[in-house]
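Numbering that gives the first Met the number 0 numbers the first residue of the sequence shown as 0 and each following residue consecutively. Think of the CB as a built atom: it goes at the ideal place given N, C-alpha and C, for glycine as much as any other residue. What follows is a single structure, written as structure tokens, with notes after it.
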Amino acid sequence: MSVLVTGGAGYIGSHVVRLLHQRSESVLVVDGLSSGLRERIGSSAFLQLDLAAPGAEETLVQAMREHGVTSVIHFAAQKQVGVSVQEPEFYYSQNIGGMANLLSAMRKTGVDRFVFSSSAATYGMPDVDSVNEDSACNPINPYGETKLIGEWMTANAARAWGLRAANLRYFNVAGAGWPELADTAVMNLVPIVFAALKAGKSPIVFGDDYPTADGSCIRDYVHVHDLAEAHLSALDYLERDHRSFSTFNVGTGNGSSVFEVLTEIKRVTGIDFDIDIQKRRAGDPPSLCADVTRIEEELGWKAKQGLSEIIESAWSAITAS
Ligand code: WQD
């Protein structure tokens, strides 16, 4: 088996690349390096390519033939929700155009196994605390729309030419499986809080008046190492199961509030910081947690690590750098 990993130099992709190497799989990383880091993938076979660029499909076809690619894990995408609202055309061309080129290249080369990096952003603002894969999808920003359209693309390719796909809807990913693969972007709660502490500022909580136990928002935080393992479980599933495509939530099934995350950060770092309570951030659902029944039953995958391991590993990566 030879696995093409698009976006393999990114935070999550590089964890998967490392696990694939540990399993002695042959890996080809394709990454445009718009946010990925070359050093994350060591000596893996590498092609620098923006999947949405003119001519990308032919370049992919050639590279896939040369490397004897048999399956694809697709991470490469733009992922900043706020930017997607400002620059929707760019998000559609990158995330949808890039994926169309990739699926065309797969069809041309007869590669039919596909693991797609989708998102809980596909659900939008659900009015239930725990969503399963059959819950309604109403994304509330172009980023979430591109992920939902990506899922539709896998469904249509399954019908049209027999693609077999697993769409993985990630919840809130954090932590580091290896310090050098840590998230270097400062876009989500845990890295934002660490950056604030480094700058000597008080972390911000967006809203303490939600209808939750402590008033702050609840999310399902999943350790990036667990998430990476879910991709290998998905590949194995596609290997043994002939169903055309399926969608899986990837979370822990347990929620943590923003205050609980901050309390854990205080415990792990030993820093006793003040908290700056601000008004609610637009578009934040009060509570969003994964129903993980399907992934546990069908993929045999279950998160092993919780909030403590997430914060501890993220903090170790900072102190090691
Ligand atoms: C988590 C909680 C904030 C920063 C986003 C995307 C989603 C998916 C995962 C990719 C929220 C609160 C945050 C801060 C805070 N991405 N917060 N102070 O919004 O749940 O999900 O990442 O697929 O599409 O929207 O993640 O880390 O931004 O926020 O209080 O300084 O932390 O309000 O409740 P979110 P997040």
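Can you give the Cα-Cα distance for residue i and residue j, rounded to whole angstroms?
i, j, result
"glycine 9", "glutamate 179", "12 angstroms"
"lysine 78", "tyrosine 142", "7 angstroms"
"leucine 113", "serine 201", "Note that residue 113 is phenylalanine in the sequence shown here, rather than leucine. Answer to the nearest angstrom: the Cα atoms are 42 angstroms apart."
"asparagine 253", "alanine 316", "24 angstroms"
"alanine 302", "serine 232", "12 angstroms"
"histidine 222", "isoleucine 276", "26 angstroms"
"isoleucine 40", "glutamate 296", "32 angstroms"
"aspartate 86", "asparagine 248", "In the sequence as presented, aspartate is not what sits at residue 86; that position holds glutamate. So the two alpha carbons sit approximately 27 angstroms from each other."
"tryptophan 177", "serine 312", "8 angstroms"
"asparagine 94", "phenylalanine 193", "29 angstroms"
Select from the options the residue whose C-alpha is nearest the C-alpha of residue i.
i, options, result
"threonine 69", "Asp111, Ser134, Asp271 and Ile309", "Asp111"
"glycine 31", "Gly67, Gln304, Phe74 and Ala165", "Phe74"
"glutamate 238", "Thr262, Ala164 and Leu18", "Ala164"
"glycine 7", "Ser33, Ser23, Arg22 and Met0", "Ser33"
"proline 210", "Ala76, Ser25, Gly12 and Asp128", "Asp128"
"methionine 0", "Val16, Glu24, His20 and Ser13", "Glu24"
"isoleucine 310", "Thr262, Gly299, Ala289 and Leu298", "Thr262"
"valine 84", "Thr145, Leu59, Asp133 and Glu56", "Thr145"
Residue i and residue j look like a contact to me (Cβ under 8 angstroms); what is the Cβ gap, rounded to whole Å?
i, j, result
"threonine 251", "aspartate 273", "That pair is no contact at about 29 angstroms."
"isoleucine 294", "alanine 229", "7 angstroms"
"leucine 101", "threonine 5", "6 angstroms"
"glutamate 150", "serine 117", "6 angstroms"
"histidine 241", "glutamine 304", "In fact, because the Cβ distance is near 32 angstroms, the residues do not count as touching under 8 angstroms."
"valine 260", "leucine 188", "6 angstroms"
"asparagine 140", "glycine 282", "7 angstroms"
"methionine 98", "methionine 63", "Not quite, the Cβ-Cβ distance comes to about 15 angstroms (not below 8 angstroms), so this is no contact."
"arginine 280", "glycine 206", "7 angstroms"
"glutamate 308", "glycine 123", "Actually they do not touch by this definition, with Cβ atoms about 29 angstroms apart."
Name the one or two DSSP bridge partners that residue i has.
i, result
"valine 249", "Tyr169"
"aspartate 275", "Ile203"
"asparagine 187", "DSSP, once it has assigned bridges, lists no residue as partnering asparagine 187."
"isoleucine 217", "Ser256 and Ser286"
Kindly indicate which three-state DSSP category residue i falls into: helix, strand or coil?
i, result
"alanine 181", "coil"
"threonine 211", "coil"
"threonine 69", "coil"
"histidine 224", "helix"
"glutamine 79", "coil"
"arginine 37", "helix"
"isoleucine 139", "coil"
"serine 27", "Looking at the sequence itself, residue 27 is leucine, so the reference to serine does not match. DSSP places leucine 27 in strand when its eight states are reduced to three."
"glutamine 61", "helix"
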